[in-house]
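Below is one structure, written out as structure tokens, with a few remarks after it.
Number of protein chains: 2
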Amino acid sequence: MTGSSLKSGIGTRVLAPTMTDVAKRAGVSTMTVSRALRDGASIARETRDRIMQAVEDLGYVLDQSAGSLSSKRTGFVAALVPSINNSNFADTARGLTDALQGSGLQLLLSYTDYSVENEESLIESMLRRRPEGIVVTGGRHTARGRKLLENCSIPVIETWDLPSSPVNHVVGFSNAEASATLVRHLHAKGYRRIAFIGGTTNRDTRGADRRSGYESAMRDLGLTESRVMSFGTPPISMKQGGEAIVRLLEQWPDVEAAICVSDLSAFGALMECQRRGWKVPERIALAGFGDFEISGTCYPAITTVGVHCYDIGNSAGKLLLRAIEGERNKMPIAAETIITDYEVIAREST
Amino acid sequence: MTGSSLKSGIGTRVLAPTMTDVAKRAGVSTMTVSRALRDGASIARETRDRIMQAVEDLGYVLDQSAGSLSSKRTGFVAALVPSINNSNFADTARGLTDALQGSGLQLLLSYTDYSVENEESLIESMLRRRPEGIVVTGGRHTARGRKLLENCSIPVIETWDLPSSPVNHVVGFSNAEASATLVRHLHAKGYRRIAFIGGTTNRDTRGADRRSGYESAMRDLGLTESRVMSFGTPPISMKQGGEAIVRLLEQWPDVEAAICVSDLSAFGALMECQRRGWKVPERIALAGFGDFEISGTCYPAITTVGVHCYDIGNSAGKLLLRAIEGERNKMPIAAETIITDYEVIAREST
DNA sequence: TATGCATATGTTATCGATAACAGCGCAGCG
DNA sequence: CGCTGCGCTGTTATCGATAACATATGCATA
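Line order of the protein sequences matches chains A and B. By the working numbering, the letter at position 152 of the first sequence is numbered 378, and the numbering carries on one by one without gaps. By the working numbering, the letter at position 118 of the second sequence is numbered 344, and the numbering carries on one by one without gaps.
Quick look at the structure:
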């Protein structure tokens with residue numbers, strides 16, 4: 227008999243109990259145990275109690291990987307975000323988790339570190355585990371990553387962006403347009419010599435989109451001289467934001483306002499200004515992106531673009547549930563694009 | 227024949243290809259395919275190429291859940307952190323990921339929202355998927371959660387704490403002792419009327435430990451009047467830190483220094499002071515905990531306790547690898563406790 | 001009493017891979 | 001020439017659960 231029993235000392239460990247062990251102990255078949263451990267199945271109260279007791283006695287834990295092999299349901303969805311150390315994406319993850327709550331689906335989260343190569347390998351290792359749906363951040367992938375997504379035959383959602391040719395579903399917004407809106411807001415407030423601070427590469431595609439949105443908005447407003455300060459590998463840190471603002475004002479001392487690629491770099495810039503006694507917004511106005519908690523708390527509070535991170539995740543989660551439901555009923559839903567809201571939040575820094 | 231083929235339109239989707247499909251196409255047995263897809267197995271170069279071509283043609287992705295059923299290796303470890311929107315835990319996750327890099331083990335991350343009840347259900351759903359190891363945050367669990375961990379017969383690591391009776395391995399430090407060290411540091415600098423700002427409940431056990439460390443250190447120093455301002459549900463936000471400092475100074479206007487349960491609340495308190503024109507550290511000195519990026523960047527920079535978050539994760543990851551190796555060789559390693567370092571980082575705010 | 005149906009449980013086949021062992025061909029060697 | 005050993009590939013059994021179908025029992029209804 228394969229036994230239960232646990233660490234009774236080094237080396238004496240026995241195999242974990244299986245459903246067969248539980249069935250034997252409860253005097254029923256494994257099928258009955260299987261039914262007892264899920265709900266909805268018809269089973270006598272007394273039998274279920276006996277089984278539960280056996281489960282308890284043996285310390286049995288269902289082996290879902292075995293179960294999903296026959297049921298074809300793994301009960302999880304995969305989500306890839308660039309970074310978990312970023313409250314924007316953390317909020318999206320939270321929105322996803324909340325949407326999945328009670329659906330029987332679990333979220334398995336991983337982070338790409340803003341690298342599409344990492345993303346590719348994560349997509350593959352996630353798909354190996356047969357998730358029922360997958361949520362990725364952004365619309366840029368490696369060729370192979372994209373192919374994996376296209377061929378995986380489960381619902382795919384790209385978030386935080388509006389890819390020009392989506393793989394499948396999309397929940398996001400135009401970072402370029404949001405950035406342009408911020409430029410127009412500053413312009414309306416009277417600022418003309420507006421600069422942009424961001425990272426040196428396009429690794430952070432949303433950051434790159436924000437820069438291009440800035441550039442096109444400046445052109446549209448007839449402000450031909452665009453001032454882009456690129457500094458540091460994305461995502462740029464608070465500290466790098468501080469260094470960037472110094473360089474910016476060295477290079478273009480006449481700049482009146484600077485838009486930073488994110489609130490974090492804007493905050494770094496703001497603190498550096500305070501350190502140097504440069505008044506914000508009098509000497510230089512500062513704006514960020516993302517409405518992180520910090521930008522509403524700091525003094526002066528930072529003008530930013532509020533993107534609805536939680537909603538992105540939550541909408542993606544709900545859409546995913548519908549899509550997975552569709553798959554299960556063999557009635558796949560058509561690809562959808564959900565565009566989420568954003569708004570300029572004017573604060574003291576501009 | 228079970229086919230490959232993908233979205234050719236709604237409803238016409240076919241089942242994902244299996245290893246059998248690949249084997250047929252390459253004219254070999256499934257066993258040979260299985261060998262080709264792993265490394266180390268002896269296989270003819272030409273055969274492998276043919277198989278890889280078939281894999282490519284069909285868009286085949288290995289089904290690991292099927293594989294791990296027979297091999298008894300799922301190739302992943304589970305990690306539970308209180309929150310992902312907290313750079314301390316994000317750093318720990320990063321340390322873990324890095325340690326696991328190249329080991330063939332993948333990290334599956336989930337967050338408990340600082341709730342031991344959530345933790346319990348996450349432990350169970352993780353264990354259902356048969357991870358090869360599990361890392362949890364803290365030493366407090368529900369009774370059932372603890373039992374699950376004790377009986378799961380895989381290596382368990384509790385982090386960020388030094389539980390009095392650990393389940394198995396531990397990688398952490400004493401939050402109480404670290405907090406006490408900070409109190410002594412402030413005392414040495416001449417501060418006497420030192421307060422503590424934290425949340426209203428013990429939900430955040432590490433926060434609670436820091437408070438008790440503060441209290442015992444104060445007693446030890448002969449400073450009998452301890453001033454604890456509890457405000458907000460843990461983890462307390464920046465904003466709540468701001469409100470708490472105001473209440474603190476209302477209640478005890480003579481307070482000279484305040485230790486906040488984390489850098490985030492300390493930052494909130496600092497900004498509120500600036501808003502109100504209260505000079506830091508002249509009117510009130512502020513210290514935090516955790517050495518978040520923000521406390522080194524803000525102005526004035528915040529004195530804090532640097533805990534080696536990344537190292538906690540990294541050490542836990544390395545320990546886990548050794549432990550899993552031990553399990554695989556049927557030579558389980560003995561329970562270890564690794565105590566990580568911390569230090570007071572004195573900055574401008576005190 | 002016979003019929004029908006719902007409830008409760010068991011039996012058998014199967015999910016998709018891998019472990020363990022077996023077999024085949026060929027090179028090297030005595 | 002036959003034996004040994006290695007490199008490569010195939011066969012069979014199996015991992016632990018669930019789907020699908022079969023069976024048994026009890027009760028209501030005609």
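Yeah, the Cβ is synthetic: ideal placement off N, Cα and C, and Gly gets one too.
| Asked | Found |
| --- | --- |
| Expressed to the nearest angstrom, what Euclidean distance is found between the alpha-carbon atoms of residue 499 of chain A and residue 353 of chain B? | 50 Å |
| Going by DSSP, which residues form a beta bridge with residue 486 of chain B? | B/423 |
| Using a threshold of 7 Å, state whether the C-beta atoms of residue 576 of chain B and residue 507 of chain B are closer than that. | yes |
| Residue 557 of chain A: buried (16+ other C-beta within 10 angstroms of its C-beta) or exposed? | exposed |
| In the stretch 285-301 of chain A, which residues sit with their C-beta less than 7 Å from some C-beta in chain B, listed in chain order? | 285, 287, 288, 289, 290, 291, 292, 294, 295, 300 |
| May I have a chain-ordered list of the beta strand (DSSP E) segments no shorter than 3 residues that lie completely inside the stretch 317-378 of chain B? | 332-337, 360-363 |
| Going by the beta-carbon positions, is the gap between residue 565 of chain B and residue 399 of chain B smaller than 7 Å? | yes |
| Please report the distance separating the alpha-carbon of residue 477 of chain A from that of residue 453 of chain A. | 9 Å |
| So with CB distances below 9 Å, who are the chain A contacts of residue 536 of chain B? | Residues of chain A passing the Cβ test: none, with the nearest at roughly 11 Å. |
| Under three-state DSSP, which class holds residue 271 of chain A? | helix |
| With a CB to CB cut of under 8 Å and the five nearest residues on each side skipped, what residues in its chain are close to residue 374 of chain B? | 346, 349, 350, 353 |
| For a quick check, are the C-beta atoms of residue 631 of chain B and residue 291 of chain A less than 7 Å apart? | What is shown of chain B runs 227 to 576, which leaves residue 631 of chain B out entirely. |
| Report yes or no: do three or more beta-carbon pairs, one from the stretch 460-477 of chain A and one from the stretch 437-445 of chain A, lie closer than 8 Å? | no |
| Per DSSP, what kind of secondary structure is residue 508 of chain B in: helix, strand or coil? | coil |
| Give, in chain order, every residue of the stretch 255-286 of chain A whose Cβ lies closer than 8 Å to some Cβ of chain B. | 285 |
| In the DSSP assignment, the beta strand (DSSP E) including residue 455 of chain B goes from what residue to what residue? | 453-456 |
| Look up residue 399 of chain A in the DSSP assignment and give the residues it is bridged to. | DSSP output for residue 399 of chain A lists no bridge partner at all. |
| Quick check on residue 302 of chain A: does DSSP put it in helix, strand or coil? | strand |
| Please report the distance separating the alpha-carbon of residue 283 of chain B from that of residue 391 of chain A. | 23 Å |
| Give the DSSP bridge partners of residue 385 of chain B, in chain order. | B/363, B/397 |
| Determine the DSSP secondary structure at residue 568 of chain A, reduced to helix, strand or coil. | strand |
| Could you tell me the boundaries of the beta strand (DSSP E) in which residue 532 of chain B lies? | 530-533 |
| Tell me, to the nearest whole angstrom, how far the beta carbon of residue 483 of chain B is from that of residue 511 of chain B; I am working on the premise that it is less than 8 Å. | 4 Å |
| Going along the chain, which residues of its own chain have a beta-carbon closer than 6 Å to the beta-carbon of residue 371 of chain A, five neighbours each way excluded? | 345, 346, 349 |
| The alpha helix (DSSP H) that contains residue 258 of chain A, what's its start and end? | 256-263 |
| What first and last residue would you give for the alpha helix (DSSP H) that runs through residue 439 of chain A? | 431-446 |
| With residue 293 of chain B as the anchor, note down where its alpha helix (DSSP H) starts and where it stops. | 290-297 |
| Would you call the stretch 299-313 of chain B and the stretch 329-336 of chain B touching, i.e. three or more CB-CB distances under 8 Å? | yes |
| Can you give me the start and stop residues for the alpha helix (DSSP H) that residue 462 of chain B sits inside? | Premise fails: residue 462 of chain B is in no alpha helix (DSSP H) and is neither H nor E. |
| Just confirm the distance between the C-beta atoms of residue 322 of chain A and residue 361 of chain A, as a whole number of angstroms; I'd bet it's less than 8 Å. | 7 Å |
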